[in-house]
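Trainee: In the working numbering, the protein residues as written are 89 to 206. Each residue gets a CB set at the ideal place from its N, CA and C atoms; glycine is no exception. Got a structure for you, questions after.
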């Protein structure tokens, strides 16, 4: 079992920045691919970024250049740095952990709200 707790969301003006954090506990952090997803009102949850234990990253095309995902294995924490935020980035952002060898073993955090508005 893995417990994931997100933090760092909030209200930010267009063009601003936020850094989300996701603290993991309960299992060996390094055996999970960590990811960030988001879900806007009335829309499906979508993948934002992932990072594996080796630091290999994946970014959604729509967000490339404005986000950076990183992880600190010593702190069991994954981060999502977001820049040049737009109103359409408003969503609940979820942290995800997916077992490297068993993708069906997946965990989700409770989500953190990001609102981009003036």
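Quick check: the Cα distance between residue 136 and residue 116, rounded to an integer number of angstroms?
Mentor: About 23 Å.
Trainee: Quick one: Cα of residue 133 to Cα of residue 184, how far?
Mentor: Taking the straight line from one Cα to the other gives about 12 Å.
Trainee: For residue 179, which residues in the same chain have their Cβ closer than 7 Å to its Cβ, ignoring the five residues on either side in sequence?
Mentor: Excluding positions up to five away in sequence, the list reads 126, 127, 128, 202.
Trainee: Under 8 Å, with one C-beta from each stretch per pair, do the segment 191 to 200 and the segment 162 to 171 reach the 3-pair mark?
Mentor: Touching, no, given that fewer than three Cβ pairs across the two stretches are closer than 8 Å.
Trainee: Check this for me: beta carbons of residue 186 and residue 123, under 9 Å apart or not?
Mentor: Yes; because the gap between Cβ atoms is below 9 Å, this pair is in contact.
Trainee: Assign residue 162 to buried or exposed, taking buried as 16 or more other Cβ atoms, counted over all protein chains shown, within 10 Å of its Cβ.
Mentor: Exposed: under 16 other Cβ atoms inside 10 Å.
Trainee: Go ahead and pull the three-state DSSP assignment for residue 155.
Mentor: Reduced to three states, the DSSP call for residue 155 is strand.
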